[in-house]
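For what it's worth, my numbering labels the leading residue of the sequence shown as 286, then goes sequentially. Structure record follows, encoded as structure tokens.
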Amino acid sequence: MDRRPLTDNLPDYETAQRFLRILTGTRYSDYVEMTKDIYTHIGSPTSQVNWKNPDEWIPQRLNGASRDLALRLWSESDHLVNPRHSYDMRALSGHHKLAIFSADVVQLTQKGERFISGDDAVIRGIDENEGVLFILSEIMKSGLCKRIDLIESFTSYCHTYTTWKAKASIDQALSARFRHLRQRELIERSGHTYEVTNAGLAYLRRVQPNGSMRRSNLTIAELAKRAEDQTRKQLGNFLKKMNPYEFEHLIKRLLEAMNYDNVVVTKQAGDKGVDVEADIKLGISSIHEVIQVKRQKGNIGRPVLDQLRGALHYFNAVRGTIITTGGFTTGAKKVGIVPNVSPITLIDGETLLDLLIEHGIGVRQREIRILEFDEASLNEFETKENATLPSEEDMQSD
Numbered sequence: 286m287d288r289r290p291l292t293d294n295l296p297d298y299e300t301a302q303r304f305l306r307i308l309t310g311t312r313y314s315d316y317v318e319m320t321k322d323i324y325t326h327i328g329s330p331t332s333q334v335n336w337k338n339p340d341e342w343i344p345q346r347l348n349g350a351s352r353d354l355a356l357r358l359w360s361e362s363d364h365l366v367n368p369r370h371s372y373d374m375r376a377l378s379g380h381h382k383l384a385i386f387s388a389d390v391v392q393l394t395q396k397g398e399r400f401i402s403g404d405d406a407v408i409r410g411i412d413e414n415e416g417v418l419f420i421l422s423e424i425m426k427s428g429l430c431k432r433i434d435l436i437e438s439f440t441s442y443c444h445t446y447t448t449w450k451a452k453a454s455i456d457q458a459l460s461a462r463f464r465h466l467r468q469r470e471l472i473e474r475s476g477h478t479y480e481v482t483n484a485g486l487a488y489l490r491r492v493q494p495n496g497s498m499r500r501s502n503l504t505i506a507e508l509a510k511r512a513e514d515q516t517r518k519q520l521g522n523f524l525k526k527m528n529p530y531e532f533e534h535l536i537k538r539l540l541e542a543m544n545y546d547n548v549v550v551t552k553q554a555g556d557k558g559v560d561v562e563a564d565i566k567l568g569i570s571s572i573h574e575v576i577q578v579k580r581q582k583g584n585i586g587r588p589v590l591d592q593l594r595g596a597l598h599y600f601n602a603v604r605g606t607i608i609t610t611g612g613f614t615t616g617a618k619k620v621g622i623v624p625n626v627s628p629i630t631l632i633d634g635e636t637l638l639d640l641l642i643e644h645g646i647g648v649r650q651r652e653i654r655i656l657e658f659d660e661a662s663l664n665e666f667e668t669k670e671n672a673t674l675p676s677e678e679d680m681q682s683d
């Protein structure tokens, strides 16, 4: 069996498409020289270099053709292609024969042209060869899973179909593919768990073989996703109709499920905006935290956050949290956690739903049993080519 290489930090395809479009017709030697020039400025752990803003470091550290090409990659891609991180786009293009780099001028192949145009068959082929389809199918079959849950199966996949063997490299490749699937919105993350989105299920339905078991798995996953979406909507509507005081007690229950200690709902008057007090262990230390609860539709602004931060010392609290069924303004988000002031964590309505579902509050799980034929487990009973079969008489005598 021919084993194939994997692209390490698998880039999102839109960025790779722009990289190829810009690089086509460029002298490949200029690209190689640019990567070498960038590498000379990498720095070391004791002498770190700031690479955050390509608009600043490209003209400062590069000259001539290297600077011109880096600026083109950065500006013409609408700031998607960072020249410092173009290696994986080059590797992807080489692994899948999207361009010819051996000649002096980079040339697109026919497959590369189809890739740039978003051809579904080419994308599907790359997904299959890079293990993306495998991972998406595994997440779909799991329903909800953590990345660590797929390490064993992805390792087996890599050992069987790819040239990759080292555990550290496989773990890094798995993380990159989870990130890639999230960028394409084929999976979504809730806390530390992942699940396939409706777009991901639709994609699997288009590309998977027409085997009945695969169709069955997809149908079950689609039904489960539909049920989850409906449950999430019902839970959100219920929260918006709750009595504010009862909502505070619901938050108390959630905090207790999240391992907070000494959780107390404050009095309804004179609480300086604080609704719940609690202690949380951080390492070997226990700190006091105050929580403000807002059951509302709109966004909470910075004044509410500043008020809670100003009340921390009245409760000997180290930090605060605001939990709302709505959202937060941009101004509030910018000053939630900043240097030299007490942190205020902001939990919006969607995050609140995630936490309630994760800790089983307001929802319950119903499990179904699914049987699948496991041919591999029966292989030991198959008749071998040179095995002696019992005669008909022997069978009758038995």
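Beta carbons: idealized from backbone N, C-alpha and C, even for Gly.
Extent of the continuous beta strand (DSSP E) run through residue i
{"i": "residue 634", "result": "It is not in any beta strand (DSSP E) - residue 634 instead sits in the alpha helix (DSSP H) that spans 634-643."}
{"i": "residue 563", "result": "561-567"}
Exposure label - residue i; buried when at least 16 CB within 10 Å
{"i": "residue 300", "result": "buried"}
{"i": "residue 355", "result": "buried"}
{"i": "residue 626", "result": "exposed"}
{"i": "residue 334", "result": "exposed"}
{"i": "residue 331", "result": "exposed"}
{"i": "residue 602", "result": "buried"}
{"i": "residue 512", "result": "exposed"}
{"i": "residue 693", "result": "Residue 693 is absent from the structure shown; the chain starts at 286 and stops at 683."}
{"i": "residue 290", "result": "exposed"}
{"i": "residue 617", "result": "buried"}
{"i": "residue 402", "result": "exposed"}
{"i": "residue 488", "result": "buried"}
{"i": "residue 543", "result": "exposed"}
Straight-line Cα distance separating residue j from residue i
{"i": "residue 536", "j": "residue 579", "result": "11 Å"}
{"i": "residue 303", "j": "residue 365", "result": "8 Å"}
{"i": "residue 357", "j": "residue 328", "result": "24 Å"}
{"i": "residue 454", "j": "residue 646", "result": "38 Å"}
{"i": "residue 510", "j": "residue 592", "result": "40 Å"}
{"i": "residue 643", "j": "residue 485", "result": "21 Å"}
{"i": "residue 380", "j": "residue 373", "result": "10 Å"}
{"i": "residue 465", "j": "residue 595", "result": "41 Å"}
{"i": "residue 399", "j": "residue 519", "result": "44 Å"}
{"i": "residue 322", "j": "residue 347", "result": "7 Å"}
{"i": "residue 345", "j": "residue 585", "result": "42 Å"}
{"i": "residue 391", "j": "residue 317", "result": "11 Å"}
{"i": "residue 352", "j": "residue 368", "result": "10 Å"}
{"i": "residue 458", "j": "residue 429", "result": "20 Å"}
{"i": "residue 525", "j": "residue 581", "result": "7 Å"}
{"i": "residue 463", "j": "residue 295", "result": "10 Å"}
{"i": "residue 490", "j": "residue 576", "result": "44 Å"}
{"i": "residue 615", "j": "residue 631", "result": "12 Å"}
{"i": "residue 620", "j": "residue 559", "result": "19 Å"}
{"i": "residue 572", "j": "residue 541", "result": "15 Å"}
{"i": "residue 326", "j": "residue 343", "result": "11 Å"}
{"i": "residue 531", "j": "residue 637", "result": "16 Å"}
{"i": "residue 310", "j": "residue 397", "result": "13 Å"}
{"i": "residue 498", "j": "residue 483", "result": "Bear in mind that a pLDDT of 41 at residue 498, under 50, signals an unreliable position, so the model cannot answer this."}
{"i": "residue 394", "j": "residue 407", "result": "12 Å"}
Assigned secondary structure, residue i (DSSP; H/G/I helix, E/B strand, else coil)
{"i": "residue 547", "result": "strand"}
{"i": "residue 303", "result": "helix"}
{"i": "residue 287", "result": "coil"}
{"i": "residue 604", "result": "strand"}
{"i": "residue 364", "result": "coil"}
{"i": "residue 371", "result": "coil"}
{"i": "residue 343", "result": "helix"}
{"i": "residue 472", "result": "strand"}
{"i": "residue 449", "result": "coil"}
{"i": "residue 397", "result": "helix"}
{"i": "residue 687", "result": "The shown model of the chain, from 286 to 683, leaves out residue 687, and the question about it has no answer."}
Residues that residue i bridges to, as DSSP identifies them
{"i": "residue 753", "result": "The chain is shown from 286 up to 683; residue 753 falls before or after that span and cannot be answered."}
{"i": "residue 430", "result": "479"}
{"i": "residue 422", "result": "In DSSP, residue 422 forms no bridge with anything."}
{"i": "residue 584", "result": "612"}
{"i": "residue 385", "result": "392"}
{"i": "residue 328", "result": "333"}
{"i": "residue 630", "result": "606"}
{"i": "residue 236", "result": "Because the chain spans 286 through 683 in this model, residue 236 falls outside it and cannot be assessed."}
{"i": "residue 513", "result": "Partner(s): none; residue 513 has no beta bridge."}
For residue i, the first and last residue of its enclosing alpha helix (DSSP H)
{"i": "residue 599", "result": "Run containing residue 599: none; DSSP gives neither H nor E here."}
{"i": "residue 538", "result": "529-542"}
{"i": "residue 321", "result": "313-324"}
{"i": "residue 411", "result": "405-414"}
{"i": "residue 459", "result": "452-468"}
{"i": "residue 440", "result": "436-446"}
heavy atom of the ligand GDP below 7 Å from residue i C-beta
{"i": "residue 616", "result": "In terms of ligand content, the structure shown is empty, and the ligand GDP therefore cannot be addressed."}
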